[in-house]
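A.B. asks:
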Ligand SMILES: Cc1cc2nc3c(=O)[nH]c(=O)nc-3n(C[C@H](O)[C@H](O)[C@H](O)COP(=O)(O)OP(=O)(O)OC[C@H]3O[C@@H](n4cnc5c(N)ncnc54)[C@H](O)[C@@H]3O)c2cc1C
Ligand SMILES: Cc1cc2nc3c(=O)[nH]c(=O)nc-3n(C[C@H](O)[C@H](O)[C@H](O)COP(=O)(O)OP(=O)(O)OC[C@H]3O[C@@H](n4cnc5c(N)ncnc54)[C@H](O)[C@@H]3O)c2cc1C
Ligand SMILES: Cc1cc2nc3c(=O)[nH]c(=O)nc-3n(C[C@H](O)[C@H](O)[C@H](O)COP(=O)(O)O)c2cc1C
Ligand SMILES: Cc1cc2nc3c(=O)[nH]c(=O)nc-3n(C[C@H](O)[C@H](O)[C@H](O)COP(=O)(O)O)c2cc1C
Ligand code: FES
Ligand code: FES
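Chains as they are written, first to last, in this note's numbering: chain B, 1 to 266; chain E, 267 to 532; chain V, 533 to 831; chain D, 832 to 1130.
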């Protein structure tokens, strides 16, 4: 696992890609050894806020030594991030978390499923899955993304790597309904699932995976303080006594954010 | 007295004029009605610090609707100020305080005396005094500035308005010693004194004024919170029961910063 | 939309007050704020005779707030009545006078002197950490608090608010003692005792060594205490401590406060009080809150 | 220049420790920090059996700090000894184990289990505000504190540090009770109880409703309490609360602390502890301080 560091990163670009959703590229040596599904902690400059904001790594560009963050403005930290301009330096902590177990998809039909602001980490995941097969946009890699409406941020970019399906809450694009509705309706081939999104969606996916006999790996969210496994702030309930806590509490920031759905008590 | 406001001001220029001393012009409507010796409260952006920093108005340019602040970097606030660049907006509160009673110098020999970072407010004071006489650099207006060493920031600018004398602690320029030494040595004509600087200097001036039978008006400093007379943080001991507190405590931010030396219990 | 709140029979046009000692008698902030917009002006503490307060430095800044050790400097109740109450009489806002003293008798003298003055309520400061005698001693011991409260209640013509100190093990116990002794309301929190040392000068930042801490940094402690106190008693609670904006004010109201006060943030932004009033109105409109009382203690 | 300090016969290479619960068992921060540079690693609280802690959300941010309600989740002393103590054994730093429990017996069981382990000192946490039983109950009542301290002292093989709660009326009284009962040192402050409410969701930010506040926002309260406590007792005081850098650490030392601990700021900057060590060395060099002990309590 890559050594974790806190260090300055340089903003390369920043643009708004949908209502309240921003897309920022950062130049950082952290880019050197990132697994898809890992995240970084971004520190606001505003000194009334001291904790890092966990943001998933959406894409990696090793050549430029850069990572891409796609984030929604929801509070003071993300509002500040949206003001950064190319050339600004910001502090980040990472790489954090375990990432998706790409190797578990080898030779299988794999589906990346994202919901809302859970979509971003699946882009690099889809890219790696596609790379692993050696094919360009292989048949065995599918993607199902759920959005509120037809803004479908990042959706087109996935098309380079996977067979894509969309679900929207308001039915304004793709299948009306949630990602499971789209899976069923579009009969998406599925042995292994990599998913990130809101808790109800993840619960639905776990149930769906059990139903169809697929393996699901889910990326969870929780309020974090340290991001490195020290504070025990960000736990999720596990079925078995986990290796670290001995009390069915895995740390999302270090034991996760990606968990085998079978291990979770959701 | 001008209405006090808190509002945004635009940085017009910023430059370093001596070791650790910065000179910043701000565009602000506050410039419209400033008395020399008044000050503004400057709010740092850093949210760990919420209180305004009192900084004297060094010069006023009514045409550009601008004020000039000359300040020494001593802590987090002033360090932040030094980073501002033309075009930045900052929040200021003002105009604050009473200012020097220019009218008391009418027809008299007046000396403006500044020590260290007490020099700045005397520049606008000297300018107004000179204007009042109707003369250019009148004989009746003198200035004595005390510095640690020969950096003598602002000294040359005073020469346009007053007969100038310098004292330096290390003797590297002007009279070696303090401002009183320079007053005596250069036999500066003196009926009225307007002074700002460190407490020991002000005490010395009060004694000197008594000795030579001159009137002295002293600008004082104290830690401030509100800057508008509400918190009672910034008091100085007065000889008589003052009009506001009824307990010999005048508020430097509103009853001052300029006091008749005769009223002070220093 | 109705922002009115009533405390002990006194109706305030909105729940936003000034915190004692941070707003002078209103005069100092009238350049910035239309006092008529405020629920109440709470004045700086006043004693029976003029108090000189503590030596300077009296104020210093800390992370997200400040320490003060003013030491209750005040011109005495006579000057206060003639000057400050006279000034406030011209405004359409309620007037709450904050009262301090070194002994029970001191307090009673002020309370009696104010009996026939145009004062809506009295706030009894038994929680100032910056004076050696009286003040906080009454606020850190529940028997002493009970005693002084009942004596003041017996003499006061106006309803009394007991202002509690956060420097206690159990705020609920103190709130209950005040209620049992007849207080009409309680207000909290006063400042938390703190200290700052200048490591370069190797001396205390304040002449008084310790000072009372206020500002956004203390808000979580204040919200918790308002929640605990409002669950311990049936009298109204006026909440304060670090309020910066309407969001903070509403947080206190949801924790159980009937009204709120803005203190140190006036120094950061002299328009804070009115912005809080406006922000509460916006929140109520946006989220369809008809009565401000409907969200009190809602969590 | 000598940065060594000695507490109850244990000599630390420098006065900088980690605050319990903010540094795991050192493992989690060893990516960032050379543990050999620290005066001591103070571990997360450990109980006789595994504790699941509180439901999430367990952490939330506040102005200049955070609230936590972890609820002392821990894997129990057995796993702790095998895994965490084994890990720490490889480092040249002192090991202080933070001990928690619901009853006096719980504490004693842990203390006895650790008797023969490679542990330099025990820090007894009687001040965690986030668990319903035990913990803070012992830290808010001086008789209970005396009782548990003397019982633990009687059984402990290693010197004991009593970790005090700031949620009390008089920290001096608590410090004296701990000293009288035989504590070898005291550490303070633990977190201050706070609350945060989300006014849009109309619910508490933490599942536990209240949480313990830490971070720079609490520093003035912590410095004041360290000053008061160190003037009330003759045993050494370990100071903590909001330390961000060497300036803060030296402030605590000048207030009377023999050693200091860095807590929540590790989350802001994982290199904080080592930066504090280096900053203290720089200060001592620059200002000609030969012995760190020379500036202790200097104000
Ligand atoms: C592993 C992980 C990956 C994430 N990836 C992304 C992403 O790629 N894009 C994106 O837009 N958002 C992502 N989030 C959510 C993101 O962290 C929050 O939206 C953000 O922290 C909010 O910060 P704020 O200051 O704007 O809001 P505030 O509400 O002001 O934040 C206050 C505090 O709460 C914490 N916080 C708030 N919301 C969350 C949350 N949902 N999860 C964890 N902590 C939270 C913040 O870290 C901060 O400490 C991720 C969260 C986690 C846990
Ligand atoms: C009426 C008046 C006029 C002044 N004019 C000037 C000027 O023209 N140029 C200049 O360089 N300095 C001036 N000062 C001093 C200046 O206010 C302080 O140097 C400045 O506030 C330091 O802020 P800081 O954040 O850099 O330092 P910090 O020490 O970090 O300041 C922390 C706090 O202390 C207050 N403070 C610190 N030093 C002083 C001080 N000496 N007086 C009052 N409050 C202080 C700050 O306002 C702030 O609240 C003046 C002070 C007063 C009272
Ligand atoms: C400078 C200053 C002076 C104060 N004077 C008084 C006072 O005279 N009487 C009183 O009851 N409280 C006094 N207080 C306490 C405030 O009224 C308030 O309870 C406290 O500051 C917390 O609120 P805040 O964080 O919004 O400032 C004073 C506070 C400050 C900052
Ligand atoms: C997440 C977290 C967990 C903590 N766990 C413990 C604990 O297990 N035992 C303990 O005695 N103190 C615990 N504390 C308190 C700290 O050790 C410290 O006393 C407090 O946070 C103040 O220091 P700080 O402001 O530097 O964080 C914890 C604090 C935090 C923030
Ligand atoms: S955020 Fe601290 S353990 Fe995960
Ligand atoms: S700074 Fe508040 S009265 Fe002067």
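Backbone N, C-alpha and C define an ideal beta-carbon position, used for all residues, glycine too. The model shown is predicted, which means the values in this text are computed figures rather than measured ones.
#1: Output the distance between the C-alpha atoms of residue 474(E) and residue 447(E), rounded to the nearest integer angstrom.
#2: What residues of chain V sit near residue 345(E), judged by a beta carbon separation below 7 Å?
#3: Identify the contact partners of residue 599(V) in chain D, using a Cβ-Cβ distance below 8 Å as the criterion.
#4: List, from N- to C-terminal side, the beta strand (DSSP E) runs of 3 residues or more that fit wholly inside the region 563-634 of chain V.
#5: Following the continuous alpha helix (DSSP H) through residue 798(V), name the residue where it begins and the one where it ends.
#6: When burial is assigned at 16 or more other CB atoms within 10 Å of the CB, is residue 35(B) buried or exposed?
#7: When you compare only the Cα positions, how much space is there between residue 1067(D) and residue 64(B)?
#8: Suppose contacts are defined by Cβ-Cβ distances below 8 Å. Is residue 236(B) in contact with residue 214(B) by that definition?
#9: For the region 338-372 of chain E, list the alpha helix (DSSP H) runs that are entirely contained and at least 4 residues long, ordered along the chain.
#10: Starting from residue 202(B), follow the beta strand (DSSP E) in both directions and report where the run begins and ends.
#11: If contact means a Cβ-Cβ distance below 8 Å, which residues of the region 84-109 of chain B contact chain D?
#12: Assuming the contact rule is C-beta atoms closer than 8 Å, residue 1033(D) and residue 775(V) should be a hit. Round their C-beta distance to whole Å, please.
#13: Can you give the Cα-Cα distance for residue 386(E) and residue 274(E), rounded to whole angstroms?
#14: Distance check for residue 226(B) and residue 1098(D), CA to CA, integer angstroms please.
#15: Taking C-beta pairs closer than 8 Å, name the residues in chain E that residue 798(V) reaches, listed in chain order.
#16: Would you tell me roughly how many angstroms separate the C-alpha atoms of residue 269(E) and residue 425(E), rounded to the nearest one?
#17: Cα separation between residue 1107(D) and residue 903(D)?
#18: Just list the alpha helix (DSSP H) runs in the region 143-202 of chain B, keeping only unbroken ones of 4 residues or longer that don't cross its boundaries, in chain order.
#19: Since residue 461(E) contacts residue 482(E) with CB under 8 Å, what's their CB separation in whole angstroms?
#20: Just the Cα atoms here: how many angstroms apart are residue 973(D) and residue 803(V)?
#21: Could you tell me whether any non-hydrogen atom of ligand 5 is closer than 7 Å to the CB of residue 94(B)?
#22: For the structure I just gave you, are there three or more beta carbon pairs, one from the region 820-828 of chain V and one from the region 581-589 of chain V, closer than 8 Å?
#23: Just to confirm, does residue 828(V) get its C-beta within under 7 Å of one of the non-hydrogen atoms of ligand 7?
#24: Residue 548(V) by DSSP, collapsed to three states: which one?
#25: Around the C-beta of residue 545(E), are 16 or more other C-beta atoms found within 10 angstroms, so that it is buried, or is it exposed?
#26: In chain F, what lies closer than 7 Å to residue 1033(D) by C-beta?
#27: For the region 716-743 of chain V, list every residue whose C-beta sits within 7 Å of some C-beta in chain D, in sequence order.
#28: Can you list, in chain order, the residues of its chain with a C-beta nearer than 7 Å to that of residue 829(D)? Leave out the 5 residues immediately preceding and following it.
#29: Grouping DSSP H, G and I as helix and E and B as strand, with all else coil, what is residue 276(E)?
#30: If I measure Cβ to Cβ from residue 464(E) and keep anything under 8 Å in the same chain, skipping five residues before and after, which residues do I get?
#31: For residue 114(B), write down the residues that DSSP places opposite it in a beta bridge.
#32: Does the beta-carbon distance from residue 223(B) to residue 1041(D) come in below 8 Å?
#33: Thinking C-beta only, is residue 143(B) closer than 8 Å to residue 111(B)?
#34: Quick one: residues in its chain with C-beta nearer than 6 Å to the C-beta of residue 518(E), no 5 flanking neighbours on either side, listed in chain order?
#35: Given that residue 745(V) touches chain D, what residues does it touch there, using C-beta distances under 8 Å?
#36: In the DSSP assignment, what are the bridge partners of residue 743(V)?
C.D. replies: Taking the coordinates as given:
#1: Taken atom to atom, the span from the alpha-carbon of residue 474(E) to that of residue 447(E) is near 10 Å.
#2: None at all; the shortest Cβ gap to chain V is about 14 Å.
#3: Correct list: 1051.
#4: Counting only runs of 3 or more, we get 572-574, 591-594, 597-600 and 626-631.
#5: Counting along the chain, residue 798(V) sits inside the alpha helix (DSSP H) bounded by residues 797-800.
#6: By the neighbour-count rule (16 or more Cβ atoms within 10 Å), residue 35(B) is buried.
#7: If you draw a straight line from the Cα of residue 1067(D) to the Cα of residue 64(B), it is about 53 Å long.
#8: A distance of 8 Å or more separates the beta carbons of residue 236(B) and residue 214(B).
#9: Counting whole runs of 4 or more residues, the region 338-372 of chain E contains the alpha helix (DSSP H) stretches 342-347.
#10: Unbroken run through residue 202(B) is the alpha helix (DSSP H), 199-212; no beta strand (DSSP E).
#11: For the region 84-109 of chain B, which is checked against every Cβ of chain D, the residues closer than 8 Å are 93.
#12: Going by Cβ atoms, the distance from residue 1033(D) to residue 775(V) rounds to 18 Å, so no, they are not a contact pair.
#13: Cα to Cα, the separation comes out at about 22 Å.
#14: So the alpha carbons of these two residues sit roughly 4 Å apart.
#15: Proximity of chain E to residue 798(V) at the Cβ level (cut-off 8 Å) is accounted for by 492 and 496, in chain order.
#16: Whole-angstrom Cα-Cα distance: 32 Å.
#17: Going from the Cα of residue 1107(D) to the Cα of residue 903(D) covers about 27 Å.
#18: 155-158 and 179-185, all fully within the region 143-202 of chain B.
#19: The Cβ separation is near 6 Å, so the contact holds.
#20: For residue 973(D) and residue 803(V), the distance between alpha carbons rounds to 45 Å.
#21: Residue 94(B): no, Cβ never under 7 Å from ligand 5.
#22: The region 820-828 of chain V vs the region 581-589 of chain V: no contact.
#23: This structure does not include ligand 7; its bound ligands are ligand 1, ligand 2, ligand 3, ligand 4, ligand 5 and ligand 6.
#24: Assigned with DSSP and collapsed to three states, residue 548(V) falls in strand.
#25: Lying before the first or after the last residue shown, residue 545(E) is absent from chain E, which here runs from 267 to 532.
#26: Looking for chain F here will not work: the only protein chains present are B, E, V and D.
#27: Along the region 716-743 of chain V, going in chain order, the ones with a CB nearer than 7 Å to a CB of chain D are 724, 725, 726, 727, 728, 729, 731, 734, 735, 736 and 742.
#28: Any answer about residue 829(D) is impossible in this case: the structure gives chain D only from 832 up to 1130.
#29: Strand at residue 276(E).
#30: If we look at residue 464(E) and ignore the five residues flanking it on each side, its Cβ neighbours are 381, 382 and 384.
#31: DSSP, once it has assigned bridges, lists 145(B) and 196(B) as partnering residue 114(B).
#32: No, they are not a contact pair.
#33: Closer than 8 Å, so yes.
#34: The beta carbon of residue 518(E) lies closer than 6 Å to those of 486, 488, 500 and 502 in the same chain, with the five residues before and after it left out.
#35: In chain order: 1051 and 1052.
#36: Residue 743(V) pairs with 726(V).
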